[in-house]
Amino acid sequence: MGKKKSIQVSRTIVDNIVRLVLILYTLTIIIPFTFMFLNSLKTNQEFFSSIWSLPSKFRIENYKRGLELSNIPRLFLNTIYIVVFASLINILFSSMLAYSISRTGFKLSNTIYNYLLIGLLTPGIICIIPVFFVVRVIGLYNTREALILVYAAFNMAFSVFVMYSFFKTLPKDLEEAAFIDGATYFQTFWKVMFPLTKPGLITIGVFGFLDYWNDYLIAMTLVISEPLKTVSQGVMKLQAAQNVRTDFGPLFAVCIIAMIPVIVVYALFQGKLTAGLTAGAIKG
Amino acid sequence: MKQPRKVHSYETMTSWKKQRNIFLAVTILPGLLLYTIFRFLPAFIGLAISAFDWKGVSLNMTFVKLANYKKLLHDEVFFKSFCNHMYFFVFNTIIVFTLAIALAVILTNNRIRERDFYRIMLFFPTVVPAVIINVVWMSVFNPNNGLLNALLALFGIEGKNWLGDAAYVKNSILFVMVWKSLGFYMVLFMAAVLNVPTSLFEAARIDGCNEFVQTMKITIPLIWEQIRTSLIFFVVTSCGVGFNIVFMMTKGGPNLASEIMTTYMYRLSFGGQSKFGYASAVAMAILVITTAITLILMRITKRESYEM
Chain R
24 MGKKKSIQVS
34 RTIVDNIVRL
44 VLILYTLTII
54 IPFTFMFLNS
64 LKTNQEFFSS
74 IWSLPSKFRI
84 ENYKRGLELS
94 NIPRLFLNTI
104 YIVVFASLIN
114 ILFSSMLAYS
124 ISRTGFKLSN
134 TIYNYLLIGL
144 LTPGIICIIP
154 VFFVVRVIGL
164 YNTREALILV
174 YAAFNMAFSV
184 FVMYSFFKTL
194 PKDLEEAAFI
204 DGATYFQTFW
214 KVMFPLTKPG
224 LITIGVFGFL
234 DYWNDYLIAM
244 TLVISEPLKT
254 VSQGVMKLQA
264 AQNVRTDFGP
274 LFAVCIIAMI
284 PVIVVYALFQ
294 GKLTAGLTAG
304 AIKG
Chain S
7 MKQPRKVHSY
17 ETMTSWKKQR
27 NIFLAVTILP
37 GLLLYTIFRF
47 LPAFIGLAIS
57 AFDWKGVSLN
67 MTFVKLANYK
77 KLLHDEVFFK
87 SFCNHMYFFV
97 FNTIIVFTLA
107 IALAVILTNN
117 RIRERDFYRI
127 MLFFPTVVPA
137 VIINVVWMSV
147 FNPNNGLLNA
157 LLALFGIEGK
167 NWLGDAAYVK
177 NSILFVMVWK
187 SLGFYMVLFM
197 AAVLNVPTSL
207 FEAARIDGCN
217 EFVQTMKITI
227 PLIWEQIRTS
237 LIFFVVTSCG
247 VGFNIVFMMT
257 KGGPNLASEI
267 MTTYMYRLSF
277 GGQSKFGYAS
287 AVAMAILVIT
297 TAITLILMRI
307 TKRESYEM
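Line by line, the protein sequences are chains R and S.
Numbering-wise (my numbering), the first sequence opens with residue 24 and increments by one.
Numbering-wise (my numbering), the second sequence opens with residue 7 and increments by one.
Structure, rendered in structure tokens:
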């Protein structure tokens, strides 16, 4: 009995050490964001007098100034337009493609699968110069539509793989029953199979959303006109300007605003996000 | 997919075939075309561009054959950026995978009740836009009014110029890279560990194995395939993550101390130097190096797989 007790005591000690480490690490995530939020409410004097001071009252001046300086509504509209259409194209094209190569017994299925695998095994960033070239050749340089197409294409391989493994898990009888009832291929896909893939669609939709909303590299390479720029570009530009002015309040305020959509999506889907991913591509 | 059973006559058979072909074309071609034009072909177009001198302004190019690659072999900046790249890559991979596996094992034992809290918090940096991560950490690392130096001052430790001093910049950036990726891989491995049947652990416990032995002998071998796939995924994606962090936080500075191959490529092309041909040669080098790493890792991590 004594031995068992001592094992239990040492276990609680180990558990609490683990807990302490985890809490300290979690603080490296909580504190910087809290710090940013608190500073978005402070005046510049308050910010520079003491770093530990709390904002004296709930102020929204920085938010107003941030809006004036960075034209946030315009940036948001551009980004939403790009994200919505890139998502629609990516979700529709990738689920159709995944369906046809996973469930129709099409002869070239494996070839197409391996062809897409190349896109998953090479870093997208090495394609940035040729993508710039292609977009210029087809005349879409400096348009939001270029971003829509490039985003949808860059995420295509990943989305197809998630949907592919998802379709593979559905029972075969579903389609057979639909065919016996006289449904065409299109009806079977659209009315029977597509609605069943909701969890897979959520996974690729949310990961796509995060990718497009968070991208900076492709946007800064392909879009250069102010009225067409995305939220990320706006934040970077404001950061450069506010660094010179040493006035960080409005910058932090804009960052808080830019994070809202991401936080909402994460809060809504965090459980499904990881579940869908592990059921899908990574487990392979 | 089987042909429908009620179809008998030759005529209906051919109309089914026709319908099937149309269906396959309509569903496969759009996605495949988009992927080919903007993701697959560019790799080859990049190879072609690397044989030219291209200023990027007009579409005029001068053919220079292998000149860009010859230049690359004697480019000290490229060599330096390659070494930095490898430094980040090696330590980032080792730290992220060791910690992610360890945390996944710890958090899936049922004794830490608040595990969902850690899971949700640690995954959060994965979803935050890169530009905001940059703003957050630049303000933490700021030498004059940054949070980190203020915190160190409380303990009487002298503040450092975390991003401006060549002695610290690499590890400051390495920290942000790990911080950004750790939660994602931890969550992946947590799901994998939860799939391991608990009966195996019970048997081991009866045989007197402690938790460390159980982890090394049961958990890790059983989730090895997931670890392998994630490793390959990590090699490919860390290229982009690394670019974002270095490009935004230091632009490769100070004095090239944190320059990596991807930021060098960008600096050569869009970053003002307008040597798009030479930058494409750098891109091809990145592709070759990443592929080599992937193949080597696939080979050395190959183990017998165990069925659960």
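Every residue gets a Cβ at the ideal spot worked out from N, C-alpha and C, and that includes glycine.
These numbers come from a predicted model, not from an experiment.
By alpha-carbon distance to R125 of chain S, the top candidate from S:V142, S:I139, S:A106 and S:S205 is S:A106.
Taking C-beta atoms as the reference points, L262 of chain S and V96 of chain S fail to come closer than 8 Å. With contacts defined as CB atoms closer than 8 Å, N98 of chain S and L180 of chain S qualify as a contacting pair.
In summary, the residues of the stretch 117-151 of chain R whose CB is separated from some CB of chain S by less than 8 Å are S117, M119, L120, Y122, S123, I124, R126, T127, G128, F129, I135, Y138, L139, I141, G142, L143, L144, T145, P146, G147, I148, I149, C150 and I151, in the order they occur in the chain. The bridge partners DSSP lists for F69 of chain S are S:F58. The C-beta separation of I241 of chain R from C245 of chain S comes to about 14 Å, leaving the pair out of contact by the 8 Å criterion. Taking 7 Å as the Cβ-Cβ cut-off, the stretch 16-46 of chain S approaches chain R at Q25, R26, F29, L30, T33, I34, P36, G37, L38, L40, Y41, I43, F44, R45 and F46, given in chain order. Interface with chain S (8 Å Cβ-Cβ cutoff): F81 of chain R is excluded.
Rounded to the nearest whole angstrom, the CA to CA distance from I171 of chain R to K23 of chain S is 34 Å. Taking the C-beta atoms as reference points, A276 of chain R is found no nearer than 8 Å to I138 of chain S.
For G142 of chain R, same chain residues with a beta-carbon under 6 Å away, outside a window of 5 residues either side, are A180 in chain order. A check of alpha carbon separations from F56 of chain R across S:L153, S:F58 and S:N90 identifies S:L153 as the nearest. Listed by position along chain R, the residues whose Cβ is nearer than 8 Å to that of S286 of chain S are I152 and P153. Residue state for H91 of chain S is assigned as helix, using DSSP reduced to three classes. Counting along the chain, the unbroken alpha helix (DSSP H) around G89 of chain R starts and ends at E84 to S93.
Secondary structure at S33 of chain R: helix, using DSSP grouped into helix, strand and coil. T33 of chain S and P194 of chain R have their C-alpha atoms roughly 21 Å apart. In terms of Cβ geometry, Q262 of chain R and L274 of chain R form a close pair [threshold 8 Å]. Counting C-beta atoms within 10 angstroms of its own C-beta, N237 of chain R has 16 or more neighbours from the protein chains shown and is therefore classed as buried. Counting only the Cα atoms, S76 of chain R lies some 26 Å from M255 of chain S.
At least one C-beta of chain S is nearer than 8 Å to the C-beta of Q262 of chain R. Interface annotation, L172 of chain R: in contact with chain S, CB-CB separation under 8 Å. Within chain R, the residues whose beta carbon sits less than 8 Å from that of S145 of chain S are P55, F58, M59, N62, F271 and F275, listed in sequence order. For V106 of chain R, same chain residues with a beta-carbon under 7 Å away, outside a window of 5 residues either side, are F232, Y235 and W236 in chain order. With a contact defined as Cβ atoms closer than 8 Å, G283 of chain S and F58 of chain S qualify at about 5 Å. Within the stretch 30-41 of chain R, contact with chain S at the beta-carbon level (separation under 8 Å) is assigned to R34, D38 and V41.
In the DSSP annotation of this structure, the continuous segment of the alpha helix (DSSP H) that includes N137 of chain R starts and ends at S132 to L144. At least 8 Å separates the CB of A173 of chain S from every CB of chain R. In the structure shown, the three-state DSSP call for D270 of chain R is coil. Judged by pairs of C-beta atoms under 8 Å, the stretch 212-220 of chain R touches the stretch 115-123 of chain R, as three or more such pairs exist. A Cβ-Cβ contact shorter than 8 Å links N113 of chain R with S182 of chain R. Taken in chain order, the members of the stretch 213-236 of chain R whose beta-carbon sits within less than 8 Å of a beta-carbon on chain S are L233 and W236. Taking a cut-off of 8 Å for Cβ pairs, the stretch 273-289 of chain S and the stretch 144-160 of chain R touch, as three or more such pairs fall below it. For N67 of chain R, the enclosing alpha helix (DSSP H) covers residues N67 to S72. The three-state secondary structure of W75 of chain R, taken from DSSP, is coil.
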